[in-house]
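This report concerns only the one structure given below.
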Amino acid sequence: MDLYFLRHGIAADRFEWSGSDADRPLTGKGRLRIELIARRLAGVVDFDLVLTSPQLRALQTAEIVAGFVTVDQGPLVDDRLAYGFDLQGLSEIVDQYAALESLLLVGHEPGFSTVVGQLIGGGRVRFKKGTLAKVRLGLPESLQGELLDLLTPKMMIG
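When you read off a place in the sequence shown, starting at 1, and then add 77, the result is the number in the numbering used here.
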């Protein structure tokens, strides 16, 4: 199974936002950058399923990407991708969707960097907003994989 991890785009500043953190949206710049990234991914990657954190900025990111790339299903909201995402949550997701070949997960830091680091046997992976990582799992039940790609927004859109 190929797991793709995409951190949400640039969102409203949490210190300036007066509403709930869960409702912080992408900024105009954040939407534009994710759209540019999605355009680059179109025709290059396909996903069997897109799962997203319920946080608005992640959901908006997932919807933009799903509008440009070939997706069999999604985006579907999955609470396991919210803050607190960990290896246990990923294990449950992988078990639930074991029949799929490719899965795009849209979520947050620090969960993504921690989980990807654990999947690849250690090390620190930094997810700037809009960063995409591809990890190929060997045997899903072992939750060990190989980092095949780590693409920052700058690499994808300049």
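A virtual CB, placed ideally from N, CA and C, is assigned to each residue, including glycine.
- Sixteen is the threshold: since fewer than 16 other Cβ atoms of the shown chains lie within 10 Å of the Cβ of TYR160, the residue is exposed.
- In this structure the region 96-113 does not touch the region 189-199; the number of beta carbon pairs closer than 8 Å is below three.
- The three-state reading of DSSP puts ARG84 in strand, counting E and B together.
- A straight-line Cα-Cα distance of about 31 Å links GLN150 and ARG201.
- Between the alpha carbons of ILE87 and ARG108 lies a gap of roughly 8 Å.
- Counting of Cβ neighbours within 10 angstroms places ARG110 among the buried residues, the total reaching 16 or more.
- Going by C-alpha positions, SER219 is about 13 Å away from ILE170.
- Secondary structure note for LEU164: its alpha helix (DSSP H) is the uninterrupted segment 164-173.
- DSSP, read as helix, strand or coil, puts GLY107 in helix.
- Look at VAL183 here: in three-state DSSP terms it is strand.
- ALA175 counts as exposed, since fewer than 16 other C-beta atoms from the protein chains shown sit within 10 angstroms of its C-beta.
- Here the alpha carbons of ARG157 and ASP163 stand approximately 8 Å from one another.
- At the C-beta level, LEU103 and LEU181 stay beyond 8 Å of one another.
- Its chain contains SER190 as the residues whose beta carbon lies nearer than 7 Å to that of ARG203, once the 5 sequence neighbours on both sides are disregarded; these appear in chain order.
- In this structure VAL212 touches VAL193 by the C-beta definition: roughly 6 Å separates them, less than 8 Å.
- At the C-beta level, GLU178 and MET78 come within 8 Å of one another.
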